[in-house]
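Chains as they are written, first to last, in the UniProt record's numbering: chain A, 1 to 232; chain B, 1 to 232.
Glycine residues also receive a C-beta, built at the ideal position from the N, C-alpha and C atoms.
Working notes, beginning with the structure itself.
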């Protein structure tokens, strides 16, 4: 099944401002929307909640939404030790070829022509080999990153995982080496001959942010909404 | 590359209320969150803007965000005839094994324990073989569905694709036969012994909806925002 794909690991210096391009990170279409800028990639990753994890099982693709966190140039994903993708990332085998994609939809683009309808979006696609984290310290750092990714500052304000929970949780790491971002911004790009058509053209922005926090039914009455949620 | 996977096509009657389970639509974990209800699946699909399309290239998984539309029990995806996945779905070969996943994040779940942090979400995963649409009438219906999926009613208020645009656009279809939904709702599920901990627990709901439409800079001043956007 999962072939261990020989990945071209680019010889980039950690301090370089951009990821090196590889055959599979250069799009065949809309190449002008692609970017390899580290800061942009990090910002898109850090703004997301779920990624879509792709892997191959019995020759067929599987795409599952899952939580993640980032520490520097490493993505961490976690799940039950019993889950299928995580069972497939043990240290004994060569790891699991994965593709992790994070996408934000920012607005709906309405053009005069059906053909030029689109969405404004920002996405990051990461290719690589995922491996289980076995070092206990790295595993704890990764779990903190996963919780802090949901709400920054939250890991310090919750009970850390105990030994039993740590044993039940598998963490996999994916190095950010073969990475690209793709973004679309701006209004509708109609053909010049369509500009006089009587149809409205523009962008319908999607609302972002949070609604009022909802306390658990079993929460003690004297526990207030924490300050890190008030600004959320 | 893509092995043509023998798909178990369930012998379900079109009128049945649920999709039949198959080996790959029954999760190994959190099976209580899985559903095969057609109405729920349709609602989750119809609320999304982008799906994540997974396929296998050179033995490795690829996951790309892309637009889609639904007509009954068929998903339509489109793209340039030059794009990689669409070139791989020609009629001459056995089609392309794909996995299409649509996910909504509804809220962030903060538990007293790091371990029980989660997100409330609704997702649909579709497995199957994607094939190019060659029938011109079906292709036009599919493109209307793609535009109406972005904003319902919009296909009728835009210039339809002309012959050249139709030729440049490839549409693929994926039958909704091997389908499952997965949802998480509600508050944090802490262990009983953690309920007395001093950490806030509850849900931070994500804001949904739209902001004010932004007209294109080149839009004629006498074209008002259409009524189907005012309620958006």
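Residues are counted here when their Cβ sits less than 7 Å from a Cβ of chain B; for the segment 211 to 223 of chain A these are 211, 213, 214, 215, 216, 217, 218, 219 and 223, given in chain order.
Between residue 61 of chain A and residue 98 of chain B a beta carbon distance of about 6 Å is seen, short of the 8 Å cut, so the two are scored as contacting.
Of B/111, B/179, B/191 and B/173, the smallest CA-CA separation from residue 22 of chain B is found for B/179.
Counting along the chain, residue 227 of chain B sits inside no beta strand (DSSP E); it lies in the alpha helix (DSSP H) bounded by residues 227 to 230.
In the DSSP annotation of this structure, the continuous segment of the beta strand (DSSP E) that includes residue 184 of chain A starts and ends at 178 to 184. Neighbourhood of residue 175 of chain B in chain A, by CB distance below 7 Å: empty, with the nearest CB roughly 15 Å away. The shortest CA-to-CA distance from residue 108 of chain B to any of B/228, B/119, B/114 and B/64 is the one to B/119. Taking all protein chains in view, the Cβ of residue 65 of chain B is crowded by 16 or more other Cβ atoms within 10 Å, so the residue is classified as buried. When 8 Å is used as the limit between beta carbons, residue 36 of chain A is near no residue of chain B, the shortest such separation being about 17 Å. Secondary structure within the segment 110 to 180 of chain B: the beta strand (DSSP E) runs of 3 or more consecutive residues, fully enclosed, are 118 to 132 and 169 to 175 (chain order). Counting only residues of its own chain and dropping the five nearest sequence neighbours on each side, residue 144 of chain A has a CB closer than 6 Å to the CB of 155. In this structure, the straight-line span from the alpha carbon of residue 211 of chain A to that of residue 193 of chain A is close to 43 Å.
Per the Cβ contact rule, the segment 133 to 142 of chain A is not in contact with the segment 159 to 172 of chain B (fewer than 3 Cβ pairs under 8 Å).
In this structure residue 113 of chain B is buried. Its beta-carbon is surrounded by 16 or more other beta-carbon atoms within 10 angstroms. The alpha carbon of residue 195 of chain B has as its nearest neighbour, out of A/186, A/170, A/51 and A/218, the alpha carbon of A/218. Interface with chain B (8 Å Cβ-Cβ cutoff): residue 204 of chain A is included. Within the segment 147 to 158 of chain A, the residues whose Cβ lies closer than 7 Å to any Cβ of chain B are, in chain order, 147, 150, 151, 154, 155, 157 and 158. Think of a sphere of 8 Å around the beta carbon of residue 101 of chain A: the chain B residues whose beta carbon falls inside it are 52, 63, 64 and 65, in chain order. Taking 8 Å as the CB threshold, residue 194 of chain A lines the interface with chain B.
In the structure shown, the three-state DSSP call for residue 70 of chain B is strand.
Contact annotation, residue 40 of chain B with residue 181 of chain B: C-beta distance approximately 5 Å; criterion of less than 8 Å satisfied. When secondary structure is reduced to three states using DSSP, residue 57 of chain B falls in the strand class. Under the DSSP assignment, residue 204 of chain B falls in the beta strand (DSSP E) whose first and last residues are 202 to 205. Contacts with chain A at 8 Å (Cβ-Cβ) do not include residue 227 of chain B. Taking 8 Å as the cut-off, the Cβ atoms of residue 42 of chain A and residue 63 of chain B do not count as close. By alpha-carbon distance to residue 17 of chain B, the top candidate from B/59, B/31, B/35 and B/30 is B/35.
Around the C-beta of residue 26 of chain A, fewer than 16 other C-beta atoms lie within 10 Å, and the residue is accordingly described as exposed. If you compare the alpha carbons of B/142, B/172 and B/152 with that of residue 204 of chain A, the shortest gap goes to B/152. In this structure, the straight-line span from the alpha carbon of residue 110 of chain B to that of residue 202 of chain B is close to 5 Å. By the Cβ-count criterion, residue 190 of chain B is buried, with 16 or more other Cβ atoms from all chains shown falling within 10 Å of its own Cβ.
For residue 40 of chain B, the enclosing alpha helix (DSSP H) has its first and last residue at 38 to 47.
By the Cβ-count criterion, residue 185 of chain B is exposed, with fewer than 16 other Cβ atoms from all chains shown falling within 10 Å of its own Cβ.
With distances taken between CA atoms, residue 188 of chain B lies nearest to B/115 out of B/78, B/115 and B/229.
Within chain B, the residues 49 and 50 have their CB atoms less than 8 Å from the CB of residue 105 of chain A, given in chain order.
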